Amino acid sequence: MRRKRVVVAGLGDTGLLTAMRLAGHAEVVGISTKPGLVSGQELGVRITRPDDWTRNYWITFDRFRALDRVRTVHGLLTAADLDGRHVVVRRADGETTGEEYDVLVISTGVTNGFWRRPHLQSRRDVGDDLREVRDRLAAAESVIVVGGGAAAVSSAVNLAVTWPAKRIDLYFPGDRPLRSYHPRVWARIRRRLAGLGVGLHPGHRAAAPDGFAYDRITGDPVTWTTGQPPARADAVLWAVGRVTPNTGWLPRELLDEHGFVRVTPRLQVPGRPEVFAIGDVAATDPQRSSARNRADRLLAHNVRAHLDGRPLRGFRAPRRRWGSVVGMQPEGLDVFSPGGHAFRIPGWSIDPALQPWIEWGIYRGVRD
Ligand SMILES: Cc1cc2nc3c(=O)[nH]c(=O)nc-3n(C[C@H](O)[C@H](O)[C@H](O)COP(=O)(O)OP(=O)(O)OC[C@H]3O[C@@H](n4cnc5c(N)ncnc54)[C@H](O)[C@@H]3O)c2cc1C
Numbered sequence: 005m006r007r008k009r010v011v012v013a014g015l016g017d018t019g020l021l022t023a024m025r026l027a028g029h030a031e032v033v034g035i036s037t038k039p040g041l042v043s044g045q046e047l048g049v050r051i052t053r054p055d056d057w058t059r060n061y062w063i064t065f066d067r068f069r070a071l072d073r074v075r076t077v078h079g080l081l082t083a084a085d086l087d088g089r090h091v092v093v094r095r096a097d098g099e100t101t102g103e104e105y106d107v108l109v110i111s112t113g114v115t116n117g118f119w120r121r122p123h124l125q126s127r128r129d130v131g132d133d134l135r136e137v138r139d140r141l142a143a144a145e146s147v148i149v150v151g152g153g154a155a156a157v158s159s160a161v162n163l164a165v166t167w168p169a170k171r172i173d174l175y176f177p178g179d180r181p182l183r184s185y186h187p188r189v190w191a192r193i194r195r196r197l198a199g200l201g202v203g204l205h206p207g208h209r210a211a212a213p214d215g216f217a218y219d220r221i222t223g224d225p226v227t228w229t230t231g232q233p234p235a236r237a238d239a240v241l242w243a244v245g246r247v248t249p250n251t252g253w254l255p256r257e258l259l260d261e262h263g264f265v266r267v268t269p270r271l272q273v274p275g276r277p278e279v280f281a282i283g284d285v286a287a288t289d290p291q292r293s294s295a296r297n298r299a300d301r302l303l304a305h306n307v308r309a310h311l312d313g314r315p316l317r318g319f320r321a322p323r324r325r326w327g328s329v330v331g332m333q334p335e336g337l338d339v340f341s342p343g344g345h346a347f348r349i350p351g352w353s354i355d356p357a358l359q360p361w362i363e364w365g366i367y368r369g370v371r372d
């Protein structure tokens, strides 16, 4: 009997893990515009210490042992024919091909700022991007970070830790950032920012010129719709959470009014039991939190159950965000619970303990 074929569309943080889990159970094809995992995590570390970040978050597919049984296709998905059960891919070598599936997993994520863009990139392009951003920020004497989410806060902390002589200012709307986390998280990080000398500017909502894409670091004065005078710095980092789902290649009928993929609690598309979605692209809950809540395990179980005719399980999201906000720091890694309590993995143990945990515990083996 022919082995069932699963196509995983998008091999980012969560598509990659799903493909690994399904590899022994079906013929798995993973399609991605990048030649490896280019994670959406830990923006602050990425822009200030790209070499450290690269170790865990930019890893070419050939280095993952658990992908040995997965066929990866480097290309851009351009269309999906749901009745014919195939997707269309414009490959990096210029050819256009079709990939047939028994099950389709949609994990194409979202576009966000300059650090998460779905365009085709070579290995060299990814490295160049990382270096350009770091060099631009290193050359600036002052940096404004605009935004109130984890990406903005993490950027402000890491800029101040890496370059203590620079002037760093964080501008955010409302009275506090990190509103989707427990208030204790901000209380702890505020003390850290104050200790680092970062200027905190609540109540600032930035005005963006028409058509502004938020996809680059700028140098122009920032104006505010909240009435304050314009602010200036050598570099302005936009982390305003304006995310766009990477779903232009999908039929409209699959999407909600914001363009995210509609799913049932079992992560299936309503009316299309052979199509699943996970990660930032999947409208699972208001935070779209299936990636950070490791729903890849559940999804792999459900795909297998669907293929074998067994019952599927449901995904339940916690109400508040949790996890790391500012990434690895010299003193350690703070991981916040949904209740806002920090669990610290001390700095001295990060390399000996965390590194193998990431490589084996999460990715089941990464080659040097
Ligand atoms: C183990 C783990 C731990 C996490 N920890 C935290 C945490 O502590 N704190 C926190 O806030 N978040 C955490 N997260 C969540 C994380 O920040 C994001 O939610 C995650 O990056 C989203 O992953 P994704 O796979 O949905 O999207 P992405 O990682 O962006 O992957 C999408 C991929 O699809 C590709 N793609 C897009 N369009 C196309 C196309 N048309 N054709 C082909 N390819 C395409 C993209 O280029 C990209 O490679 C964690 C996630 C994981 C898996």
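Read the sequence shown against the numbering used here and you will find it ends at 372, with the numbers running on by one and no gaps. Note that the Cβ used here is the ideal one computed from N, Cα and C, for glycine as well. Please read all numbers here as calculations on a predicted model, not as lab measurements.
Backbone CA spacing between W253 and F264 [nearest angstrom]: Rounded to whole angstroms, W253 to F264 spans 12 Å at the Cα level.
Whole-angstrom C-beta distance between A23 and G34, which should lie under 8 Å: Rounded to whole angstroms, the Cβ separation of G34 and A23 is 4 Å, and the two are in contact under 8 Å.
For D106, the three-state DSSP class (helix, strand or coil): Three-state DSSP puts D106 in coil, outside helix and strand.
With 16 other Cβ atoms within 10 Å as the buried cut-off, status of G88: Under this definition G88 is an exposed residue.
Heavy atom of ligand 1 within 6 Å of A217 beta-carbon: Not one heavy atom of ligand 1 is found less than 6 Å from the C-beta of A217.
A243 to R183 span [Cα, whole Å]: Answer to the nearest angstrom: the Cα atoms are 15 Å apart.
CB of P269 within 7 Å of CB of F319, strictly: Yes, the Cβ-Cβ distance between P269 and F319 is below 7 Å.
A13 burial status per 10 Å Cβ neighbour count (16 or more: buried): Counting the other CB atoms within 10 Å of its CB gives A13 a total of 16 or more, which places it among the buried residues.
Contiguous alpha helix (DSSP H) assignments of at least 4 residues, all confined to the stretch 263 to 311: Fully enclosed alpha helix (DSSP H) runs of no fewer than 4 residues are not present anywhere in the stretch 263 to 311.
Same chain, Cβ closer than 7 Å to T166, neighbours up to 5 away in sequence not counted: Within the same chain, T166 has close Cβ partners T52, R53.
Given R121 as reference, the closest of V267, G231, P277, R246 once Cα atoms are compared: Taking only the C-alpha atoms, the option nearest R121 is R246.
Three-state secondary structure (DSSP) of W57: W57 carries a helical assignment under DSSP once its states are collapsed to helix, strand and coil.
D260 classed as buried or exposed, judged by whether at least 16 other C-beta atoms fall within 10 angstroms: It is exposed - the Cβ of D260 has fewer than 16 other Cβ atoms within 10 Å.
Pair within 7 Å by beta-carbon distance, G283 and T18: T18 sits close to G283, with the two beta carbons spaced by under 7 Å.
Candidates R7, G231, H29, R6: closest to H305 by CA position: Nearest to H305 by C-alpha distance, out of R7, G231, H29, R6, is H29.
Where the beta strand (DSSP E) containing W242 begins and where it ends: Counting along the chain, W242 sits inside the beta strand (DSSP E) bounded by residues 239 to 242.
Nonlocal neighbours in the same chain, by C-beta distance under 6 Å from R67, ignoring five residues either side: Correct list, in chain order: V370, R371.
E103 burial status per 10 Å Cβ neighbour count (16 or more: buried): With 16 or more other Cβ atoms within 10 Å, it is buried.
Buried or exposed (CB count within 10 angstroms, at least 16 for buried), A191: By the beta-carbon neighbour count (other beta carbons within 10 angstroms, threshold 16), A191 is exposed.
Ligand 1 heavy atom lying under 6 Å from the CB of S341: Flag unset: Cβ of S341 not near ligand 1.
C-alpha distance - E335 paired with I349, whole-angstrom precision: Roughly 9 Å between the two C-alpha positions.
Rounded distance between the beta-carbons of I63 and G44, thought under 8 Å: About 14 Å separates the two Cβ atoms, so there is no contact after all.
Terminal residues of the beta strand (DSSP E) in which G336 lies: Segment 336 to 340, the beta strand (DSSP E) holding G336.
Nearest-angstrom beta carbon gap, P233 and V285 [assumed within contact, 8 Å]: About 39 Å separates the beta carbons of V285 and P233, which is beyond the 8 Å limit, so they are not a contact pair.
heavy atom of ligand 1 below 6 Å from D284 C-beta: For ligand 1, at least one heavy atom lies less than 6 Å from the Cβ of D284.
Straight-line gap, L26 to V107 (C-alpha atoms, nearest Å): When rounded, the distance between both Cα atoms is 11 Å.
Cβ-heavy atom distance, G14 to ligand 1, below 6 Å: Residue side-chain check: G14 places its Cβ nearer than 6 Å to a non-hydrogen atom of ligand 1.
Candidates D139, A212, P168, K170: closest to H151 by CA position: Per the sequence shown, residue 151 should be read as Gly rather than His. Check the Cα spacing between G151 and each of D139, A212, P168, K170: the tightest is with A212.
Selected residue, minimal CA-CA separation from P187, among G351, G365, G344: Nearest neighbour of P187 by Cα position, chosen from G351, G365, G344, turns out to be G344.
Residue closest to G201, alpha-carbon to alpha-carbon, out of D219, A160, H208, L124: Closest by alpha carbon: A160.
Residues of its chain near R276, where Cβ-Cβ distance is below 7 Å and the 5 sequence neighbours each way are ignored: Residues of the same chain with a CB within less than 7 Å of the CB of R276, apart from the 5 flanking positions on each side, are L86 in chain order.
For G117, the nearest candidate out of D133, E363, L20 (CA to CA): Looking at D133, E363, L20, the one whose alpha-carbon comes closest to that of G117 is D133.
C-beta contact flag for R140 and I221 at 7 Å: In this structure, R140 sits near I221, with a CB-CB distance shorter than 7 Å.
Sequence-distant residues of the same chain with beta carbon closer than 8 Å to A198, five excluded per side: So the qualifying residues of the chain are L204.
Coil, strand or helix - I148 by DSSP: Of the three classes helix, strand and coil, the one that applies to I148 here is strand, per DSSP.
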